[in-house]
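Right, one structure below, let's go through it.
Residue numbers (this note's numbering): -17 to 264.
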């Protein structure tokens, strides 16, 4: 076709050859651009893997958050019930360990609204720091766009108290409900999170009974929380919360026991993840 086009060129089709040459050059340029872009995209993906940490909730948990955030909670038992429900569902759906957490904002003496939830994602996302409490804290701070949950009430100033108790009166109250007493890491995260209160279900002994290593947590640890102004309440629905641990202990992976300290786990690429996620770059 190219040869016949050239040989039959007349005054009326003198532009055929230049057009063909131009078209070939454009095609070659497009191919080079495609290859170059593909290489850049591949490099970006590799860089993202090295420099990003993605925290996601399972799809079912996002549905729970959407539904429960429309409700008003009135008692510690109601709020702990949600944390325990999260822990049990996480085991049932095989999306993580037997620990659930929920953070509420205290609106009035007997009214609270759900802000965030967290479930254990250690094995499914291949990240030893993704316990229920740390997931809930990070997602709450992301949603509220604040590095701390000590957030001033609208129109209030935390740094300018007018009385000895004014500082506490000027900030919003966020309370962390966890299905089990925190491990050493999560207790430290709670201290720095800015929550005003922590409420626990099952005990450290309940978790250790099935093989989990909770780390160096002592009564003095909770005393330090209280000295920092964080209220501590324990044993709320303890039996219900402990039963989830007992069931998990029969067949679940105890990923941080001394016997499994050399265990190497990676996340399941086939797991259906939520579109609601927080990405941290660094």
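Positions of the beta carbon are idealized from the N, C-alpha and C atoms, including for glycine.
Along the alpha helix (DSSP H) that carries residue i, what are the first and last residues, could you check?
{"i": "residue 74", "result": "58 to 74"}
{"i": "residue 168", "result": "166 to 175"}
{"i": "residue 114", "result": "114 to 126"}
{"i": "residue 106", "result": "104 to 107"}
{"i": "residue 43", "result": "41 to 50"}
{"i": "residue 210", "result": "Element bounds for residue 210: n/a, residue is neither H nor E."}
{"i": "residue 132", "result": "Taken as a continuous stretch (DSSP letters only), residue 132 belongs to no alpha helix (DSSP H), as it is neither H nor E."}
{"i": "residue 196", "result": "Element bounds for residue 196: n/a, residue is neither H nor E."}
{"i": "residue 232", "result": "220 to 233"}
When the Cα atoms are used, what is the spatial distance from residue i to residue j?
{"i": "residue 99", "j": "residue 107", "result": "17 Å"}
{"i": "residue 71", "j": "residue 41", "result": "12 Å"}
{"i": "residue 193", "j": "residue 224", "result": "13 Å"}
{"i": "residue 133", "j": "residue 155", "result": "8 Å"}
{"i": "residue 158", "j": "residue 32", "result": "31 Å"}
{"i": "residue 209", "j": "residue 173", "result": "10 Å"}
{"i": "residue 86", "j": "residue 233", "result": "32 Å"}
{"i": "residue 112", "j": "residue 91", "result": "31 Å"}
{"i": "residue 65", "j": "residue 205", "result": "23 Å"}
{"i": "residue 77", "j": "residue 110", "result": "14 Å"}
{"i": "residue 176", "j": "residue 130", "result": "5 Å"}
{"i": "residue 43", "j": "residue 201", "result": "32 Å"}
{"i": "residue 69", "j": "residue 226", "result": "7 Å"}
{"i": "residue 145", "j": "residue 165", "result": "Its pLDDT being 46, under 50, residue 145 is placed unreliably in this model, and the coordinates cannot settle the point."}
{"i": "residue 228", "j": "residue 58", "result": "23 Å"}
{"i": "residue 230", "j": "residue 73", "result": "7 Å"}
{"i": "residue 125", "j": "residue 198", "result": "31 Å"}
{"i": "residue 118", "j": "residue 151", "result": "24 Å"}
{"i": "residue 60", "j": "residue 186", "result": "22 Å"}
With a 10 Å radius around its C-beta and 16 neighbouring C-beta atoms as the bar for buried, classify residue i as buried or exposed.
{"i": "residue 211", "result": "exposed"}
{"i": "residue 188", "result": "buried"}
{"i": "residue 127", "result": "exposed"}
{"i": "residue 56", "result": "exposed"}
{"i": "residue 120", "result": "buried"}
Taking residue i as part of the beta strand (DSSP E), name the residues at either end of that continuous run.
{"i": "residue 95", "result": "93 to 101"}
{"i": "residue 79", "result": "Note, residue 79: premise wrong, no beta strand (DSSP E); not H, not E."}
{"i": "residue 214", "result": "213 to 215"}
{"i": "residue 155", "result": "155 to 162"}
{"i": "residue 181", "result": "179 to 184"}
Can you tell me which of the options puts its alpha carbon nearest to the alpha carbon of residue i?
{"i": "residue 160", "options": "126, 101, 76 and 92", "result": "101"}
{"i": "residue 190", "options": "48, 80 and 38", "result": "80"}
{"i": "residue 221", "options": "162, 43, 88 and 90", "result": "162"}
{"i": "residue 122", "options": "198, 104 and 47", "result": "47"}
{"i": "residue 236", "options": "32, 201, 105 and 89", "result": "105"}
{"i": "residue 83", "options": "197, 231 and 184", "result": "184"}
What residues in its chain sit with their C-beta under 8 Å from that of residue i, if we drop five residues either side in the sequence?
{"i": "residue 116", "result": "100, 167, 168 and 171"}
{"i": "residue 207", "result": "169, 172, 173, 180 and 214"}
{"i": "residue 49", "result": "none"}
With a CB to CB cut of under 6 Å and the five nearest residues on each side skipped, what residues in its chain are close to residue i?
{"i": "residue 216", "result": "182"}
{"i": "residue 203", "result": "169"}
{"i": "residue 267", "result": "In this structure the chain extends from -17 to 264, so residue 267 is not present and cannot be described."}
{"i": "residue 114", "result": "81, 82, 83, 100, 101 and 102"}
{"i": "residue 54", "result": "93"}
Excluding the 5 residues preceding and the 5 following residue i in the sequence, name in chain order all residues of the same chain whose CB lies nearer than 7 Å to its CB.
{"i": "residue 238", "result": "194 and 195"}
{"i": "residue 88", "result": "94, 155 and 157"}
{"i": "residue 45", "result": "none"}
{"i": "residue 75", "result": "40 and 42"}
{"i": "residue 219", "result": "59, 62, 63, 66 and 183"}
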